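A.B. asks:
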Amino acid sequence: MYGETGDQARERVTRLIGELPVKLGIASAFPTQYGGGSDVGGSIIATEMLAQVDLSLMVKAGVQWGLFGGAVAALGTRRHHDAYLRDIISGRLLGCFAMTETGHGSDVQQLRTTCTYDPGRQTFDLHTPHQAARKDYIGNAARDGRMAVVFAQLVTGGRRHGVHAWLVPIRDAQGNPLPGVTIGDSGPKAGLLGVDNGRLSFDHVTVPRDMLLDRYGEVAADGTYASPIENDSRRFFTMLGTLVRGRVSVGGAASAAAKSALTIAVRYGDTRRQFSTPDADREVLLNDYLAHQRKLLPALATTYALHFAQAELVAAVHEVQGGDGPVDEHRQRELESRAAGLKAAQTWHASRTIQLCREACGGAGYLAENRLPGLRADTDVFTTFEGDNTVLLQLVAKGLLTGYRDEFGSLDGWGRASFVAEQVREMVLERTAARSLIQQLISAVPGRDEEVAVTDRGWQLKIFDDREKHLLEGAIRRLRNGAASKQDRPFDIFNDVQDHVLTAAAAHIDRVTLEAFVAGIEATPDPAVRALLSRVCDLYALSVIESHKGWLLEHGRLTPARSKAITAVVNGLLKELRPQMRTLVDGFAIPDTWLHAAILREEPGRQDTMTAHDRA
């Protein structure tokens, strides 16, 4: 909250963790028999709502129930669930998720922490071999965590079996570090003051054999290792895949923050006046300026598009992971790919949008009491945690290229930890529930683009689809050429086209997002709402196309005349949607008390600030 010190924020957030509802909150994903609600989708939605109230509280709750508790539930077995889940869900046992190391941030498969089994004592020896192997940036570690899910290299019988996870006590009942455990504070951060990020090191800490979370790999008393998944890499990515909800939640929370920022900026722009015109006795509202509309309305349209993409993703997570039966591996891989790409798109969009909103509110936007600086600071790290965005886009690209892997040989040179290509059985090209409608719209587009209005939905979909395919095929050609000339240098083959494949992955997410928006409009029963959403969708699609004019002109997808026409149509849409700006942010249904913005408490009466646009 505004004006708090770091210690005050941590104290408040920790207290609130114990007051959050369980069956209607983030903890609702846990099984009913342990006190949860068995509601995976509801848990993610609760995360998004909590993000609109307090991002530190959301992150702290996400660490406790999404990461720490989620890892115990997903990677542990019945004995772990019976022993710990009830206390984790209730908040009586606070914990942390110790994966990231100082020297191996995104390269998780190469972690240096070791956990070596001793069959004579039937215990593991958990050890941090050097400073770069220290667990870093760990939420709940600096102050409150009593246990940690620690990821390390499992060693038994002199052989490594890859990264596994253990439940490790790190503090005693009085909050003191246990023998061999070194705990430090990560220090002041740009934001998220209420989250106690810390550092953990282990000096030959003894861990009982039954504290290995052994759903995917177990060690017998004599040290024999067994796993239902023989391949180490495949096992590792399967383990990480079970934790995909965290990535989905971070993307949704970022979008929630963008919605809050847009609500503040749009409502302020409907009351704040600046400069007058010769024929008026009052100054002009900020929202009536085209330049202001150019800032806010395309960002608002993109936020709506990502909202529908997120809703579709949450429904897929609930369907794939919400049941008691085995998870379909192919659908799980598709889910991971889409979650990675949307998390990158949503968090980058939130960073850009919150900054735009800050600028749109002028000096008032820089005041902490108006929340925008706090939103910017708190969400800045979202582009990094739960997967660095650039690495996540590479994961998406690797999935897209999987169908072509035999054409240019092994993909290992691109960084084994970042990709799951060896697990994907076919090319991952996610499609929406409205795919048949989308195919019909694209098929109806005539051969000559000039005969079609740029607001034609089929033409917009075709442009997005065609750009993705062209970029992907171009990347494949470059990879083939590289493989022919650099057969003994696999890293160079991929490094030379990294910019190209990242662009292809981003284009893929653009297309997925547009298709989800189209599907959402199709499912909307109210004709008036459908009509408004359709115009917002036009603005989203054409804004994306406008931002890629250079590429589209270079590749003959647009003529100069059509390129100019798109800008004119976008400006026309801005004027058309100007009267609906307040309606669109009100559609986010964020209560005033959640916005925490002083400038909204100072809003004059609506009648006093109505323009001709409003009255129309």
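In the working numbering, the protein residues as written are 377 to 992.
Even glycine gets a Cβ: it sits at the ideal position worked out from N, Cα and C.
The structure displayed is predicted, hence computed values, not measured ones.
1) How many Å lie between THR476 and THR492 at the Cα?
2) Looking at C-beta atoms only, is the number of pairs between the segment 490-505 and the segment 428-440 that lie closer than 8 Å three or more?
3) Counting Cβ pairs closer than 8 Å, one from the segment 764-780 and one from the segment 876-893, do we hit at least three?
4) What is the C-beta distance between ASN573 and ALA517, in whole angstroms, given that I count them as a contact (C-beta under 8 Å)?
5) Please report how far the alpha carbon of ARG643 lies from the alpha carbon of LEU661, in whole angstroms.
6) What are the complete alpha helix (DSSP H) segments, minimum 4 residues, inside the segment 692-771?
7) Excluding five sequence neighbours on each side, which residues of the same chain lie with their C-beta closer than 6 Å to the C-beta of VAL920?
8) Relative to the C-alpha of ALA535, which residue among LEU470, GLY599, LYS838, VAL484 is closest?
9) Taking the alpha carbon of LEU909 as the point to measure from, which residue in VAL620, THR959, VAL484 has its own alpha carbon closest?
10) Rounded to whole angstroms, what is the Cα-Cα separation between ASP842 and ARG833?
11) For LYS940, tell me which candidate among ALA405, ASP968, GLU826, ARG714 has the shortest Cα-Cα distance.
12) Output the boundary residues of the beta strand (DSSP E) element that contains LEU502.
13) Would PHE612 pass as a contact of GLY538 if the rule is Cβ separation under 8 Å?
14) Can you list, in chain order, the residues of its chain whose CB lies under 6 Å from that of GLY481, leaving out five sequence neighbours each side?
15) Just tell me which of GLY763, TYR592, LEU732 has its CA closest to the CA of PRO749.
16) Which residues bound the beta strand (DSSP E) around PRO822?
17) Return the chain-ordered list of same chain residues with a C-beta closer than 7 Å to the C-beta of MET434, the five sequence neighbours on each side being excluded.
18) Shortest alpha-carbon distance to ASP968 belongs to which of ASP704, ILE869, LYS635?
19) From the DSSP output, read off the bridge partner residues of GLU477.
20) How about LEU813 and GLU922: do their beta carbons lie closer than 8 Å?
21) Buried or exposed: which applies to ASP902, given that a residue is buried once 16 or more other Cβ atoms fall within 10 Å of its Cβ?
22) Take ARG811 as the anchor and find which of GLY896, LEU848, ASP872, LYS774 has the nearest alpha-carbon.
23) Exposed or buried, what is GLU844 when buried is set at 16 or more other beta-carbons lying within 10 Å of its beta-carbon?
24) Measuring CB atoms only, is the segment 867-875 touching the segment 656-673, in the sense that at least three cross pairs come out at less than 8 Å?
25) Please state whether the Cβ-Cβ distance between VAL693 and VAL416 is less than 8 Å.
26) With three or more beta-carbon pairs closer than 8 Å as the criterion, would you say the segment 445-459 touches the segment 396-409?
27) Could you tell me how far apart the beta carbons of ARG747 and LEU971 are, in whole angstroms, since I believe they sit closer than 8 Å?
28) Kindly indicate which three-state DSSP category SER939 falls into: helix, strand or coil?
29) Just how far apart, CA to CA, sit ALA566 and ILE730?
30) Beta-carbon within less than 6 Å of ILE1009's beta-carbon, same chain only, minus the 5 sequence neighbours each way: which residues are those?
31) Check whether the Cβ atoms of PHE893 and PHE684 lie closer than 8 Å to each other.
32) Alpha carbon to alpha carbon, how far is PRO584 from HIS540?
33) Would you list the one or two residues that DSSP bridges to GLU594?
34) Output yes or no for whether 8 Å exceeds the beta carbon distance between ARG623 and LYS719.
35) Only counting runs of 4 or more residues, tell me where the alpha helix (DSSP H) segments fall wholly within the segment 615-660, in order along the chain.
36) Measure the alpha-carbon distance for GLN722 versus ALA633 and round it to whole angstroms.
C.D. replies: The answer reads as follows:
1) Numbered from its first residue, the sequence shown carries residue 476 at position 100. Numbered from its first residue, the sequence shown carries residue 492 at position 116. Rounded to whole angstroms, THR476 to THR492 spans 19 Å at the Cα level.
2) Segments in contact, no.
3) A contact exists between the segment 764-780 and the segment 876-893.
4) In the sequence shown, counting from the first residue as 1, residue 573 sits at position 197. In the sequence shown, counting from the first residue as 1, residue 517 sits at position 141. About 7 Å separates the two Cβ atoms, so the contact holds.
5) Walking along the sequence shown from the start, residue 643 turns up at place 267. Walking along the sequence shown from the start, residue 661 turns up at place 285. Cα to Cα, ARG643 sits roughly 11 Å from LEU661.
6) 705-736, 748-755
7) By one-based count along the sequence shown, residue 920 stands at place 544. Within the same chain, VAL920 has close Cβ partners ASP886.
8) Along the sequence shown, one-based indexing puts residue 535 at 159. Note that residue 535 is Arg in the sequence shown, not Ala. Of the candidates LEU470, GLY599, LYS838, VAL484, the one whose C-alpha sits nearest the C-alpha of ARG535 is GLY599.
9) Residue numbering aside, residue 909 sits at position 533 when the sequence shown is read from its first letter. The residue with the shortest Cα to Cα distance from LEU909 is THR959.
10) Here residue 842 corresponds to residue number 466 of the sequence shown, with the count starting at 1. Here residue 833 corresponds to residue number 457 of the sequence shown, with the count starting at 1. Roughly 14 Å between the two C-alpha positions.
11) As a position in the sequence shown, residue 940 is number 564, starting the count at 1. Closest by C-alpha distance to LYS940, out of ALA405, ASP968, GLU826, ARG714, is GLU826.
12) Taking the first residue of the sequence shown as 1, we reach residue 502 at position 126. Annotation: the continuous beta strand (DSSP E) that includes LEU502 extends over 499-503.
13) Taking the first residue of the sequence shown as position 1, residue 612 is located at position 236. Taking the first residue of the sequence shown as position 1, residue 538 is located at position 162. Closer than 8 Å, so yes.
14) For this step, residue 481 is matched to residue 105 along the sequence shown. Within the same chain, GLY481 has no close Cβ partners at all.
15) Locating residue 749 in the sequence shown gives position 373, counting from the first residue. Answer by Cα proximity: LEU732.
16) On the sequence shown, residue 822 is found 446 positions in, with the first residue counted as 1. Premise fails: PRO822 is in no beta strand (DSSP E) and is neither H nor E.
17) Against the sequence shown, residue 434 aligns to sequence position 58. THR423, LEU426, ALA427, ALA629.
18) One-based indexing of the sequence shown puts residue 968 at position 592. ASP968 has its Cα closest to that of LYS635, out of ASP704, ILE869, LYS635.
19) Mapped onto the sequence shown, residue 477 falls at position 101. DSSP, once it has assigned bridges, lists HIS480, LYS511 as partnering GLU477.
20) The count along the sequence shown starts at 1 and reaches residue 813 at position 437. The count along the sequence shown starts at 1 and reaches residue 922 at position 546. Between LEU813 and GLU922, the C-beta gap is not smaller than 8 Å, which leaves the two residues out of contact.
21) Along the sequence shown, read from residue 1 onward, the residue named residue 902 stands at position 526. The residue in question, ASP902, is exposed, as its Cβ has fewer than 16 Cβ neighbours within 10 Å.
22) Numbered from its first residue, the sequence shown carries residue 811 at position 435. For ARG811, the nearest C-alpha among the options comes from GLY896.
23) Translated into positions along the sequence shown, residue 844 becomes position 468. Counting Cβ neighbours within 10 Å, GLU844 comes out buried, since at least 16 surround it.
24) No contact exists between the segment 867-875 and the segment 656-673.
25) Locating residue 693 in the sequence shown gives position 317, where the first residue counts as 1. Locating residue 416 in the sequence shown gives position 40, where the first residue counts as 1. Yes.
26) The segment 445-459 is in contact with the segment 396-409.
27) Mapped onto the sequence shown, residue 747 falls at position 371. Mapped onto the sequence shown, residue 971 falls at position 595. Confirmed, about 7 Å.
28) If you number the sequence shown from 1, residue 939 lands on position 563. Reduced to three states, the DSSP call for SER939 is helix.
29) Here the question's residue 566 lines up with position 190 in the sequence shown. Here the question's residue 730 lines up with position 354 in the sequence shown. For ALA566 and ILE730, the distance between alpha carbons rounds to 15 Å.
30) The shown model of the chain, from 377 to 992, leaves out residue 1009, and the question about it has no answer.
31) For the purposes of this step, residue 893 is identified with residue 517 of the sequence shown, where counting begins at 1. For the purposes of this step, residue 684 is identified with residue 308 of the sequence shown, where counting begins at 1. Their beta carbons are under 8 Å apart, which means PHE893 touches PHE684 by this criterion.
32) Along the sequence shown, one-based indexing puts residue 584 at 208. Along the sequence shown, one-based indexing puts residue 540 at 164. The straight-line gap from Cα to Cα measures roughly 14 Å.
33) As a working note, residue 594 is residue 218 in the sequence shown. GLU594 pairs with ALA602.
34) The residue you call residue 623 lines up with position 247 of the sequence shown. The residue you call residue 719 lines up with position 343 of the sequence shown. Yes, they are a contact pair.
35) 620-645
36) On the sequence shown, residue 722 is found 346 positions in, with the first residue counted as 1. On the sequence shown, residue 633 is found 257 positions in, with the first residue counted as 1. C-alpha separation (whole angstroms): 10 Å.
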